[in-house]
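Structure first, commentary second.
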Amino acid sequence: MSHDHVSNTGRIWKVFGILSAVTIFEVILGILKPESLYMNSLMGMNLLNWIFYALTLYKAYYIVWAFMHMEGEKSSLRASVVYPVIFLVLYLLFILLTEGDYIYEVFKNSTIKWNF
Amino acid sequence: MEATVTTANSEEKTWGGGNEPMGASYGKLMMWFFIVSDALTFSGFLAAYGFSRFKFIETWPVADEVFTHFPFLHGVSAPMYYVALMTFILIFSSVTMVLAVDAGHQMKKDKVVLYMFLTIIGGLIFVGSQAWEWKNFIKGEYGAVETKGGSLLQFVDKDGKRVALAEFAATLPEEREQLTRNKAKWFMDEPTLPSYSVAEVQAGFKSHPDVLIRTEVLNEKKQKTVLSRKESEARLADAQYVVEGANLIRNEYGSKLFADFFFFITGFHGFHVFSGVIINIIIFFNVLLGTYEKRKSYEMVEKVGLYWHFVDLVWVFVFTVFYLV
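As they're listed, the protein sequences go chains A and B.
For what it's worth, my numbering labels the leading residue of the first sequence as 273, then goes sequentially.
For what it's worth, my numbering labels the leading residue of the second sequence as 32, then goes sequentially.
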């Protein structure tokens, strides 16, 4: 094992604090749904959802880096795990969400109706 | 030949084994690549959910109205608190797992045992909570009707508060017996009949003038549209099914796909948690037996730890996609 054997419980509890605080913040936002965020949208999604996704990625970073101890691995391992996932997920999301929105437009603006 | 050999290792033969080009043992590296492929599987599911959601963006159910239950608080609308609690349980079991890995690095067997045990308990509580959530989802609360065209109609009072079918449906002197195999041929049966027939809902609606119909369509305030009494009567005349709770075909919350995705994605995640608990139990007993003490390495705990954190990681995304967004 390459990483040191000193105990890093301090960091573990700190990360737990961060993850908990972010989750509580998300729940509060989700219950309040501030109008200025909820009603305004950017690129087809409202600002509140953008904040939720940003915070989710923030939590994901801490889980992978601190709990899964990615920060202690070699950069080649980090790169070979993280980059393929990021690239493929963004690619998939781009294709599927664009297509979903396109089908919505077809149902909305043409004579085809999905229900009535 | 030397130009093709990239490692700095000059004492050993490159193909002789013992090389760790990424500084991780074979098992750990394979666990990472398994996690990559599993992450892509979950991404596929969540992206498919996003696809359907964008496709039916104006009629998708609002999560706050679906997941409102909390144990021992009957009839109190408590959106999200329960899943937030579940998230905490899973994050906390991730913390005890990483503490077990940490204790393993220092070869402290007793601490590893304690933290592994807490992790297993956390995982079991989470799976139990998941089952409770499913039970509420399947049972439903208010009931709804589906029209011939496939739209879902829910019932509200004058203030827009939801009304359950049981509160207004009439009881007509009609007898519709459940078709079961023992009453017919062995291949003849049907899904469980709803508590009320369409005619009973329609008759009850007629005798309760303050009940209105709420459609799936979201208005400009991002709330479900409530129809006037006259429009409600017209829509209800098209009713074809009474829908109570949720199954894979239809559900009382709205879009049919909503329940399908809910069952499939949270089910697949719950299955991961369950198998994680089983693997943790196996490793827990190995720790108790002193297997890793003899091996002088607790790396196995680290490997299952990676899997367990991954399950937590997926839940963070499922939580956002299903309950927050």
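Ideal placement from N, C-alpha and C gives every residue a C-beta, glycine not left out.
Keep in mind the model is a prediction, meaning the values are calculated, not measured.
**Study point:** Secondary structure, alpha helix (DSSP H): runs of 4+ residues fully inside the segment 112-188 of chain B
**Key:** Qualifying alpha helix (DSSP H) stretches, in chain order: 112-136 and 140-170.
Practice item. Taking only beta carbons into account, state which residues of the segment 59-72 of chain B come closer than 8 Å to chain A, listed in chain order. Key: Interface annotation for the segment 59-72 of chain B against chain A: Leu60, Trp63, Phe64, Ile66, Val67, Ala70 and Leu71, criterion Cβ-Cβ distance under 8 Å.
Point to revise | Minimum length 3: unbroken beta strand (DSSP E) runs contained in the segment 285-335 of chain B | key: Within the segment 285-335 of chain B, no complete beta strand (DSSP E) run reaches 3 residues.
Review point. What are the residues of the segment 296-317 of chain A that lie near chain B, defined by any Cβ-Cβ distance shorter than 9 Å?
Key: Shown in chain order are the members of the segment 296-317 of chain A whose Cβ falls below 9 Å from a Cβ of chain B: Ile296, Glu298, Val299, Leu301, Gly302, Ile303, Lys305, Tyr310, Met311, Gly316 and Met317.
Check your understanding: Closest to Tyr334(A) by CA distance: which of Ala293(A), Leu314(A) and Ile300(A) is it?
Key -> Minimum Cα distance to Tyr334(A) is reached at Ala293(A).
Exercise for review: Taking only the alpha-carbon atoms, compute the straight-line gap between Glu324(B) and Lys140(B) and give it to the nearest angstrom.
Suggested key: So the two alpha carbons sit approximately 8 Å from each other.
Check your understanding: If we cut at 8 Å on Cβ distances, does Phe200(B) have a partner in chain A?
Key -> The amino acid occupying residue 200(B) in the given sequence is Ala; Phe does not appear at that position. With 8 Å as the cut-off, Ala200(B) does not count as an interface residue toward chain A.
Practice item. Identify which residue in Val287(A), Ser352(A) and Leu368(A) has its Cα closest to the Cα of Phe64(B). Key: Nearest C-alpha to Phe64(B): Ser352(A).
Review point. What's the gap between the Cα of Glu247(B) and the Cα of Leu344(B)?
Key: Approximately 32 Å between the Cα atoms of the pair.
**Study point:** Cross-strand partners of Val274(B) (DSSP beta bridge)
**Key:** Under DSSP, Val274(B) shares a beta bridge with Ala175(B).
Review point. How should Glu208(B) be labelled, buried or exposed, when 16 other C-beta atoms within 10 angstroms of its C-beta is the threshold for buried?
Key: Exposed, by the Cβ-count rule.
Point to revise | Contacts that Met111(B) makes with chain A (C-beta to C-beta distance below 7 Å) | key: Within chain A, the residues near Met111(B) are Val299, Gly302 and Ile303.
**Study point:** the segment 144-155 of chain B / the segment 241-261 of chain B touching (three or more Cβ pairs under 8 Å)
**Key:** The segment 144-155 of chain B makes no contact with the segment 241-261 of chain B: fewer than 3 CB pairs, one atom from each, lie closer than 8 Å.
Exercise for review: Could you tell me the boundaries of the beta strand (DSSP E) in which Val354(A) lies?
Suggested key: Unbroken run through Val354(A) is the alpha helix (DSSP H), Ser347 to Asn381; no beta strand (DSSP E).
Check your understanding: Can you name, in chain order, every residue of its own chain whose Cβ lies under 7 Å from the Cβ of Ala94(B), other than the five neighbours on each side?
Key -> Once the five neighbours on either side are set aside, the close Cβ partners of Ala94(B) are Phe353 and Tyr354.
Point to revise | Leu329(A), buried or exposed, once every other Cβ within 10 Å from all chains shown has been counted against 16 | key: Leu329(A) should be labelled exposed.
Check your understanding: What's the C-alpha gap between Ala270(B) and Lys253(B)?
Key -> Distance from the CA atom of Ala270(B) to the CA atom of Lys253(B), rounded to whole angstroms, is 25 Å.
Check your understanding: With a cut-off of 8 Å, does the C-beta of Leu258(B) fall near any C-beta of chain A?
Key -> Interface criterion not met: the Cβ of Leu258(B) is under 8 Å from no Cβ in chain A.
**Study point:** Rounded separation between Thr234(A) and Phe82(B) - CA only
**Key:** There is no way to answer for residue 234(A), as the model of chain A reaches only from 273 to 388.
Practice item. Compare the C-beta of Pro333(A) with all C-beta atoms of chain B and state if any pair is closer than 8 Å. Key: The amino acid at residue 333(A) is misidentified as Pro; the sequence shows Tyr. Cβ-Cβ to chain B under 8 Å: no for Tyr333(A).
Review point. In chain B, which residues lie with their C-beta within 7 Å of the C-beta of Ile375(A)?
Key: Those are Lys86, listed as they occur along chain B.
Check your understanding: Expressed to the nearest angstrom, what Euclidean distance is found between the alpha-carbon atoms of Leu116(B) and Trp285(A)?
Key -> Rounded to whole angstroms, the gap between the alpha carbons of Leu116(B) and Trp285(A) is 18 Å.
**Study point:** Residues of its chain near Lys200(B), where Cβ-Cβ distance is below 6 Å and the 5 sequence neighbours each way are ignored
**Key:** The identity of residue 200(B) in the sequence shown is Ala, whereas the question assumes Lys. Tyr227, Glu231, Val232 and Gly235, listed in sequence order.
Check your understanding: For chain B, is any of its Cβ atoms less than 8 Å away from the one on Ser348(A)?
Key -> So, interface residue.
**Study point:** Residue-chain proximity (Glu343(A), chain B), Cβ-Cβ < 8 Å
**Key:** Glu343(A) has a beta carbon lying at 8 Å or more from every beta carbon in chain B.
Practice item. Output yes if chain A places a C-beta closer than 8 Å to the C-beta of Thr322(B); else output no. Key: It does not; no Cβ of chain A falls within 8 Å.
Check your understanding: Hey, is Ser83(B)'s beta-carbon within less than 8 Å of any beta-carbon in chain A?
Key -> Yes, its Cβ sits closer than 8 Å to a Cβ of chain A.
Check your understanding: Anyone know if the C-beta pair for Gly316(A) and Lys86(B) falls short of 8 Å?
Key -> Taking 8 Å as the Cβ cut-off, Gly316(A) and Lys86(B) do not qualify as a contacting pair.
Review point. Going along the chain, which residues of its own chain have a beta-carbon closer than 6 Å to the beta-carbon of His100(B), five neighbours each way excluded?
Key: Cβ neighbours of His100(B) beyond the five flanking positions: Asn167.
Practice item. Mind listing the chain A neighbours of Phe119(B)? Cutoff is C-beta to C-beta under 8 Å, in chain order. Key: Going along chain A in sequence order, the residues near Phe119(B) (Cβ under 8 Å) are Ser292 and Thr295.
Review point. Given 8 Å as the limit, is there contact between the segment 123-132 of chain B and the segment 278-295 of chain B, that is, 3 or more CB pairs closer than that?
Key: Counting Cβ pairs under 8 Å, fewer than three are found: no touch.
Check your understanding: Is it buried or exposed for Ile120(B), if we count other Cβ within 10 angstroms and need 16 for buried?
Key -> In this structure Ile120(B) is buried. Its beta-carbon is surrounded by 16 or more other beta-carbon atoms within 10 angstroms.
Practice item. Show which residues of chain A have a CB atom less than 9 Å away from the CB atom of Asp133(B). Key: Ordered by position in chain A, the residues that pass the 9 Å Cβ test against Asp133(B) are Ser279, Asn280, Thr281 and Ile284.
**Study point:** Proximity below 8 Å, CB of Val67(B) to CB of Val361(A)
**Key:** Contact annotation: Val67(B) and Val361(A) have beta-carbon atoms that are not nearer than 8 Å.
Check your understanding: Can you round the beta-carbon distance between Phe341(B) and Met147(B) to whole angstroms, since I take them to be within the 8 Å contact cut?
Key -> Contact flag wrong, Cβ pair sits at about 17 Å.
Exercise for review: Kindly give me the distance between the Cβ atoms of Val287(A) and Ala326(A), rounded to whole angstroms, as I take these residues to be in contact under 8 Å.
Suggested key: Taking C-beta atoms under 8 Å as the contact rule, Val287(A) and Ala326(A) fail to qualify, at a distance of about 18 Å.
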